[in-house]
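Protein chains in written order, with the working numbering: chain A, 59 to 653; chain B, 13 to 360. As structure tokens, the structure follows; a few thoughts come after it.
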């Protein structure tokens with residue numbers, strides 16, 4: 059039997075709230091610390107305790123981070139999904155199963171590893187047996203695939219940071235699992251690991267925490283939020299780090315408000331922006347739906363405000379613990395009437411940090427609501443990170459007149475008058491006494507006075523359009539990886555970044571064709587996006603939703619002669635994108651159009 | 013030289029003329045109670061000697077919420093969205109605690125679409141004045157009943173209201189609001205004293221002002237018409253205000269019983285007993301007064317409830333003494349060394 063090294067997927071089926079998440083993170087951390095390229099995906103339910111949960115660990119020397127096509131090692135602990143999980147396995151899968159689950163192993167064609175997990179755990183500590191049983195399977199996996207015991211114990215220490223009792227207990231449970239495997243089981247599967255060079259700068263971080271840190275280094279002054287999965291980690295990360303990073307003379311240089319709902323959170327953000335501060339909120343699609351009216355106010359009254367949307371599956375309550383790119387169109391044209399908004403779209407945890415501070419600069423520069431657009435996959439899973447780059451530019455506070463001299467230097471000043479020709483007017487702050495005006499969501503002239511005049515309204519709306527249009531090439535440029543052939547190009551965005559390389563490899567293997575890729579990092583679209591499309595013969599817009607939302611934006615904005623070569627692959631089932639599934643759809647489209 | 017004497021312009025304690033506190037021309041119906049309130053706001057701010065540019069005028073949507081355009085032309089303001097003025101004010105307040113936040117709302121704004129935000133602003137004790145210009149009808153949409161319309165009251169057109177009203181003062185008392193008062197747009201003296209005191213108070217000051225809608229709800233069958241409210245008041249006390257810059261000892265001592273309340277900025281609210289004393293620190297007494305007046309189809313007037321010791325939101329947040337909005341980049345953006353520490357913590 060040929061060994062399979064560092065190229066397989068482990069699927070662990072447990073129940074929510076049983077402590078399995080700690081065990082799974084220990085497994086992930088150990089593999090990572092051995093230098094093996096690894097990713098973990100938590101497929102958890104919208105529930106606190108009892109419903110099924112799966113954790114998928116992908117090991118890949120190629121660096122592939124998407125969930126793989128199949129499971130190679132299955133851990134069965136949860137009776138509730140036992141039969142279905144077992145039935146779905148390919149022949150030859152290694153199955154580590156808890157013999158104390160009172161469930162049967164009825165497959166002859168899999169490699170069976172029965173382990174009395176609960177009994178072993180009970181021997182250690184009867185009260186905590188259910189929890190410790192999870193670490194027993196980690197020990198069994200460690201022995202089966204060849205994990206380093208010292209690295210494993212270090213990962214346990216890290217997971218239970220400082221809690222000596224827990225560290226001892228869990229280390230012992232892992233050791234017992236390992237011993238049981240060595241003494242009672244014979245390895246009959248090919249899956250094994252080899253340590254690789256450990257990159258000494260790498261660490262794991264969730265996208266949400268990276269956004270949180272980026273926001274703090276962006277100088278966030280007011281956070282208002284209402285808890286919602288999968289975005290709560292952004293606010294909680296900020297709340298966790300602020301006292302350490304932003305205390306001055308023993309006092310807070312920020313305010314955090316847990317709002318009564320998302321509407322109030324949006325109102326607080328806009329109030330703080332109006333007052334001259336950097337305010338933000340973090341929410342998910344349902345929250346953005348509730349904030350629509352306020353988003354229009356901030357756009358029309360030109361108030362800086364930052365909104366992070368960590369996308370979950372919609373519409374409605376949808377699948378609250380699954381991932382999607384279904385909110386893009388809503389963000390871009392949020393609120394009633396004609397609107398257009400700036401959207402930053404990170405694809406990596408490093409960018410989550412960078413865009414965390416950049417969104418504030420853009421929002422104050424353009425005096426408009428700015429969105430950060432992440433998703434559950436990027437936000438709530440742990441990703442390898444190679445460090446955060448300190449902001450390369452000082453804060454851009456935009457066109458704010460702080461003194462009467464500054465005001466006097468401007469000829470024909472008006473709060474909403476474009477004196478520089480870029481569509482961006484100057485503003486003054488409450489309390490300054492400089493050109494006090496009544497901000498309003500109603501029609502207003504260039505001085506801010508109420509107006510319903512047709513030419514005043516028309517001119518205002520044209521200026522707002524010019525202002526946002528002018529942002530295009532000042533927003534993060536797309537990242538391109540271009541082949542000399544310039545035949546097929548794939549345009550994608552956000553967390554698809556973590557699957558694109560594998561899709562690319564599958565396409566090349568299957569068709570022999572080399573494809574270029576472009577990752578969009580902001581809306582409105584950078585001019586490089588159109589240039590890339592112009593250079594390629596066939597372009598696929600690849601996204602994780604049903605309605606091809608980016609494709610729709612491109613169709614609406616780009617010259618009609620370009621549209622015939624632009625095609626869509628949009629698919630969403632709640633799961634993080636699996637490479638083969640998207641690659642096959644791309645190949646179908648290419649075949650249909652004869653590319 | 014003319015013989016005509018030059019009329020001296022009257023200045024307030026900070027040497028500002030009253031003109032510094034006025035605003036644009038009102039577009040409300042002639043005789044609207046809201047315009048009377050606007051003029052009381054102008055007087056109160058001027059007489060109190062508040063710097064006009066240190067006031068922030070906040071409002072939602074509706075007839076009442078249009079009024080910030082008609083007063084305090086030297087103050088920044090924000091006419092926000094329907095019922096959401098409290099959250100916008102809260103966000104502004106925490107980043108700039110040194111401004112005086114003067115919110116104006118209506119009964120549509122406060123008792124219906126925005127009742128949740130009002131409740132939570134009270135709960136947080138946001139340091140602001142919150143004036144409800146309460147007329148029992150939606151004026152801008154031409155006279156539908158609002159949620160504060162009294163049972164048995166009939167507006168100019170349509171049927172008698174049979175739906176239980178929401179009493180915003182009773183609600184505020186129950187929520188522990190730190191300053192709850194009711195007044196009448198026609199009672200200029202009382203309203204002026206109450207608004208001045210609310211400005212001097214630190215915390216959420218709710219003032220429910222009955223302000224008749226002359227167009228849709230000023231007929232004889234209405235319990236919120238000028239005539240009815242004028243004749244059917246249950247006055248809790250007579251309200252006076254002595255600013256912190258006028259020595260208290262120089263003010264004439266009332267003949268009867270009275271109670272002085274020292275406000276946050278050192279000013280005094282003087283409550284003179286009319287028949288029997290209303291205990292403003294007793295929430296049950298406040299509710300009892302409201303219910304008693306209700307039963308008699310009367311409107312309670314005066315300061316219902318007061319708690320000067322309740323910490324305001326800005327106190328709870330342990331904010332830096334300098335308003336957050338005035339902090340500079342070197343304070344707001346942590347250093348590169350701090351980022352190194354953060355990353356090191358992840359790596360360890």
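Ideal placement from N, C-alpha and C gives every residue a C-beta, glycine not left out.
Proximity test, Cβ basis, 8 Å: residue i and chain A
i: residue 120 of chain B; result: no
i: residue 123 of chain B; result: no
i: residue 184 of chain B; result: no
i: residue 333 of chain B; result: yes
i: residue 339 of chain B; result: yes
i: residue 274 of chain B; result: no
Spatial distance of residue i from residue j (CA atoms)
i: residue 367 of chain A; j: residue 127 of chain B; result: 27 Å
i: residue 234 of chain A; j: residue 297 of chain A; result: 39 Å
i: residue 615 of chain A; j: residue 267 of chain A; result: 34 Å
i: residue 437 of chain A; j: residue 210 of chain B; result: 45 Å
i: residue 266 of chain B; j: residue 193 of chain B; result: 22 Å
i: residue 305 of chain A; j: residue 37 of chain B; result: 46 Å
i: residue 140 of chain B; j: residue 217 of chain B; result: 6 Å
i: residue 217 of chain A; j: residue 239 of chain A; result: 23 Å
i: residue 63 of chain A; j: residue 255 of chain A; result: 15 Å
i: residue 318 of chain B; j: residue 189 of chain B; result: 8 Å
i: residue 21 of chain B; j: residue 32 of chain B; result: 12 Å
i: residue 30 of chain B; j: residue 297 of chain B; result: 39 Å
i: residue 360 of chain B; j: residue 259 of chain A; result: 11 Å
i: residue 348 of chain B; j: residue 264 of chain A; result: 21 Å
i: residue 66 of chain B; j: residue 110 of chain B; result: 8 Å
N-terminal and C-terminal residue of the beta strand (DSSP E) that residue i is part of
i: residue 113 of chain B; result: 112-118
i: residue 132 of chain A; result: 131-134
i: residue 686 of chain A; result: This structure cannot settle anything about residue 686 of chain A, because the visible part of chain A is limited to 59 through 653.
i: residue 71 of chain A; result: 65-73
i: residue 313 of chain A; result: 313-316
i: residue 99 of chain A; result: 96-101
Local conformation of residue i per DSSP, three classes
i: residue 424 of chain A; result: helix
i: residue 44 of chain B; result: coil
i: residue 369 of chain A; result: strand
i: residue 511 of chain A; result: coil
i: residue 283 of chain B; result: strand
i: residue 71 of chain B; result: strand
i: residue 276 of chain B; result: coil
i: residue 255 of chain B; result: coil
i: residue 141 of chain B; result: strand
i: residue 314 of chain B; result: strand
i: residue 458 of chain A; result: strand
i: residue 170 of chain A; result: strand
i: residue 245 of chain B; result: strand
i: residue 410 of chain A; result: helix
Boundaries (first-last residue) of the alpha helix (DSSP H) holding residue i
i: residue 554 of chain A; result: Careful: residue 554 of chain A lies outside any alpha helix (DSSP H) and carries neither H nor E.
i: residue 234 of chain B; result: Neither: residue 234 of chain B is in no alpha helix (DSSP H) and is coded neither H nor E.
i: residue 197 of chain A; result: 187-203
i: residue 303 of chain A; result: 290-303
Residue-chain proximity (residue i, chain B), Cβ-Cβ < 8 Å
i: residue 311 of chain A; result: yes
i: residue 327 of chain A; result: yes
i: residue 489 of chain A; result: yes
i: residue 403 of chain A; result: no
Query - Residues of the segment 260-281 of chain A whose Cβ lies closer than 7 Å to any Cβ of chain D, in chain order - result: The structure shown has no chain D; the protein chains it does contain are A and B.
Query raised in the report: Should the segment 380-395 of chain A be called in touch with the segment 316-336 of chain A, which here means at least 3 C-beta pairs below 8 Å?
Result: no
Query - Contact the segment 347-358 of chain A vs the segment 156-173 of chain B: 3+ CB pairs below 8 Å - result: no
Requested in this report: Would you check if the segment 115-130 of chain B and the segment 296-313 of chain B touch, i.e. whether three or more CB-CB distances between them fall below 8 Å?
Outcome: no
Query raised in the report: If you pair each beta-carbon of the segment 113-128 of chain A with each one of the segment 61-77 of chain A, do three or more pairs fall below 8 Å?
Result: yes
**Report entry** Meets three-Cβ-pair contact criterion under 8 Å: the segment 548-557 of chain A and the segment 581-601 of chain A
**Finding:** yes
Requested in this report: Specify whether the segment 277-290 of chain B and the segment 249-257 of chain B touch according to this definition: at least 3 beta carbon pairs, one from each stretch, less than 8 Å apart.
Outcome: yes
Query raised in the report: Are the segment 197-206 of chain B and the segment 166-181 of chain B in contact at 8 Å, needing three or more beta carbon pairs?
Result: no
**Report entry** Cβ contact (3+ pairs, closer than 8 Å) linking the segment 281-293 of chain B and the segment 323-332 of chain B
**Finding:** no
Query raised in the report: Do the segment 638-652 of chain A and the segment 41-60 of chain B touch if we need at least three Cβ pairs shorter than 8 Å?
Result: no
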